[in-house]
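Participant: Reading the sequence shown from the start, the letters are residues -15 to 138 in the working numbering. Before anything else, here's the structure in question.
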Amino acid sequence: MAIIPIVIHPDPILRLPTDRVTEFDPTLHQLIADMIDTMHSDRGVGLAAPQIGILKKVIVVSYKKREFAIINPEIVATYGSQWGEEGCLSIPNTRLNVQRASRIEVIGQTPNGKSIRLKEKGFVARILQHEIDHLNGILIIDKGLQLPDEKDYQ
Ligand code: CO
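Encoded structure:
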């Protein structure tokens, strides 16, 4: 079990491009295991490799009973739109309303290099769009709306 320190905004690492994974080897599998441990240690529902300083196209998702990694993920179709609140482990103490597609199709590979195509909706679709944004150097502060805090009305 390895928990890696999370890269925090405005660290420039979060803005750098990422490389496609070509080797589906134990080094990749160790990276995925470390990402899952790190995500859980911070109670996240998703994590992208740049958030632990690794500039590779790897994401992990954990929501309800599903936990999976996608290697080289790419969104190939989007349908509809939904607004919803998001946080980011790289941007502590910030919640923003972000517009996302409500349904998406994603292609990519499993940790063993098998090609996959996922059709997702709702919150898992939201997590996937958030994490894939990280692989392109995009953060929620680039697209989210900050609402006034409810406590300021009291
Ligand atoms: Co994030």
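Glycine included, each C-beta is placed from N, C-alpha and C at the ideal position. In this text, all values refer to a predicted model and were calculated from it rather than measured experimentally.
Using a Cβ distance threshold of 8 Å, determine whether the stretch 79 to 91 contacts the stretch 17 to 37, with at least three qualifying pairs required.
Facilitator: The answer is no - the stretch 17 to 37 does not touch the stretch 79 to 91, with fewer than three Cβ pairs under 8 Å.
Participant: Between the alpha carbons of R(-9) and N77, how many angstroms are there, rounded?
Facilitator: Residue identity check: residue -9 is Val in the sequence provided, not Arg. Approximately 15 Å, taken between the alpha carbons.
Participant: Please name the residue in P57, P95, P(-11) and S99 whose C-alpha comes closest to that of I111.
Facilitator: Among P57, P95, P(-11) and S99, the Cα nearest to that of I111 is on P57.
Participant: Alpha carbon to alpha carbon, what distance is there between G37 and V45?
Facilitator: When rounded, the distance between both Cα atoms is 18 Å.
Participant: Would you mind reading off the limits of the beta strand (DSSP E) that contains F52?
Facilitator: Per DSSP, F52 belongs to the beta strand (DSSP E) from R50 to Y63.
Participant: The beta strand (DSSP E) that contains P179, what's its start and end?
Facilitator: No answer is possible for residue 179: the residues shown for the chain start at -15 and end at 138.
Participant: Starting from G128 and walking both ways along the alpha helix (DSSP H), at which residues does that stretch end?
Facilitator: Per DSSP, G128 belongs to no alpha helix (DSSP H) and is neither H nor E.
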